[in-house]
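Residue numbers (the numbering used here), protein chains in the order written: chain A, 469 to 695; chain B, 34 to 257.
Structure (structure tokens):
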């Protein structure tokens, strides 16, 4: 075994990990914002917008991510910007749009799971549609859907490895660069897999914590007083 | 200004059909093996022997938290380091089924766990053996709950099968990508690829819905 490859290239791999984490965190924030907007639009009955949101979400959800990344990098962004985009920009845009379709579906599921009692109570307090959405329904839906959101973000972190295929030097690609030089693929790949596992498992550990501890305790208290 | 010219697809049609055939082949084989692996893992995770249970759990957690691309590379490039050289299509099927099998086992486990334990106790109380309890009471209820997430796992598998193009399998995505990059006809090939993948995933969705409709218990709605 040639584990010394990892030792000598550790800094390079960590630089790659940094790019992966940067890509993941930008995409998580972006997809959360866009996903909430589209989830609410699909949930709402604003006529042209809910149809458009539904169509876009279903379109993106039915294609492989890699097809979308390639399309964004070679087709969409150059067409919009007029010049080729950088690898980081296009993988960021692709991952954000792709994940926001899934986040929108999760948010919509959360919104649909809200009991009518909450909405009626908000109505009787005189809140209008927008206020009901922002102050009552959306916070409830997001807390309820937190485990699903976290697992979606875990798969986003795993999906950042696909950015290596268009040439972004993140964790996977930096590993490739090393083993293309040394031909010791197994050690490097096992090490990269271990790093991905560490990052993703710590997040899924967090999500399990969220699942086991009722993070919406105020809600259950409310329900018991109603009953 | 970019002008769409769909006649370019006509020349690429034989290659696209060939790629589609390989994608369907890989998806079918991987779905079958993933299903088998998922069932076995779910069974192992519910046994009473701690060592087996822990091993199965560790396997599932390990595979679920590693990107599929890395898994594919491990089988294709990593194994050749220890003198195991598999054909790339076998590597693809192997990695896809191991990856999806871990997810399917999780679906099965959650479906079985969602059946209330009273059902189990009642069946045992009526004198059914463990196997009978599972086959006659737990499984028929669980399969109805499992079906929609199982379908979405198979849809994911079809979409994930596009990654085998990076270990030199000429599947549908490979053909689309090659055509798009060779001729600089990104939009045409992308639209064609989108429609084909939508068709494939749509078929699975329709089958899942049909099965769900057929298996529906009369007079009872199942809430998930």
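Even for Gly, the Cβ is constructed at its ideal location relative to N, Cα and C. This one's a predicted model, so the numbers in the text were calculated from it and none came from an experiment.
Query                                                                                                                                                                                      : Result
With 9 angstroms as the threshold, decide whether the Cβ of residue 141 of chain B is near any Cβ in chain A.                                                                              : no
Do we get a CB-CB distance below 9 angstroms when we pair residue 567 of chain A with the residues of chain B?                                                                             : no
For residue 652 of chain A, does the three-state DSSP call read helix, strand or coil?                                                                                                     : coil
Across the segment 639–658 of chain A and the segment 473–492 of chain A, are there enough close Cβ pairs to call them in contact, namely three or more that are closer than 8 angstroms?  : yes
Kindly indicate if chain A contains any beta-carbon less than 9 angstroms away from that of residue 114 of chain B.                                                                        : yes
How big is the Cα-Cα spacing for residue 543 of chain A and residue 220 of chain B?                                                                                                        : 7 angstroms
Tell whether a beta-carbon distance below 9 angstroms holds between residue 138 of chain B and residue 93 of chain B.                                                                      : yes
Go through its chain and collect everything with a Cβ distance to residue 685 of chain A's Cβ below 8 angstroms, but skip five positions before and after it.                              : For residue 685 of chain A, the predicted structure reports a pLDDT of 46, less than 50, and the residue's modelled location is therefore unreliable. A value from the coordinates is still provided. If we look at residue 685 of chain A and ignore the five residues flanking it on each side, it has no Cβ neighbours.
So, for residue 171 of chain B: in the same chain, excluding its five sequence neighbours on each side, which residues have a beta-carbon less than 8 angstroms away from its beta-carbon? : 145, 148, 152, 153 and 156
Once you ignore the five residues that flank residue 46 of chain B on each side, which residues in its own chain have a CB closer than 8 angstroms to its CB?                              : none
Please confirm whether residue 89 of chain B and residue 107 of chain B have their CB atoms less than 9 angstroms apart.                                                                   : no
With burial defined as no fewer than 16 other Cβ atoms inside 10 Å of the residue's Cβ, what is the status of residue 613 of chain A: buried or exposed?                                   : buried
So what does DSSP say about residue 261 of chain B, is it helix, strand or coil?                                                                                                           : Not covered by the structure: residue 261 of chain B. The range shown for chain B is 34 to 257.
Pick from A:559, A:482, A:509 and A:523: whose alpha carbon is nearest that of residue 494 of chain A?                                                                                     : A:559
Residue ranges of each alpha helix (DSSP H) run of no fewer than 4 residues wholly in the segment 158–219 of chain B, ordered along the chain?                                             : 172–193 and 205–216
DSSP state of residue 693 of chain A, grouped into three classes?                                                                                                                          : Summary for residue 693 of chain A: the model assigns pLDDT 36, below 50, so the residue's position carries little reliability, and this model does not support an answer.
By the 10 Å Cβ neighbour count, where 16 or more other Cβ atoms means buried, how is residue 676 of chain A classified, buried or exposed?                                                 : exposed
Can you pull the chain A residues whose beta carbon is under 9 angstroms from the beta carbon of residue 213 of chain B, in chain order?                                                   : 538, 539, 542 and 543
Which same chain residues end up closer than 7 angstroms to residue 509 of chain A when comparing Cβ atoms and leaving out the 5 residues on each side of it in sequence?                  : 517, 518 and 521
To the nearest angstrom, how far is the alpha carbon of residue 256 of chain B from that of residue 608 of chain A?                                                                        : Per-residue confidence for residue 256 of chain B stands at a pLDDT of 49, beneath the threshold of 50, marking its modelled position as unreliable; the derived number appears in the next sentence. Using only the alpha carbons, I get a separation of about 20 angstroms.
Are the beta-carbon atoms belonging to residue 191 of chain B and residue 132 of chain B less than 9 angstroms from one another?                                                           : no
Going along chain B, which residues have a C-beta under 7 angstroms from residue 660 of chain A?                                                                                           : 103
Count the other CB atoms within 10 Å of the CB of residue 59 of chain B; is the residue buried (16 or more) or exposed (fewer)?                                                            : buried
Is DSSP giving residue 553 of chain A helix, strand or coil here?                                                                                                                          : coil
Starting from residue 475 of chain A, trace the alpha helix (DSSP H) in both directions and tell me its first and last residue.                                                            : 472–476
Comparing the C-beta of residue 532 of chain A with each C-beta of chain B, is any distance below 9 angstroms?                                                                             : yes
The segment 547–574 of chain A: which residues have C-beta closer than 8 angstroms to a C-beta of chain B, in chain order?                                                                 : 547
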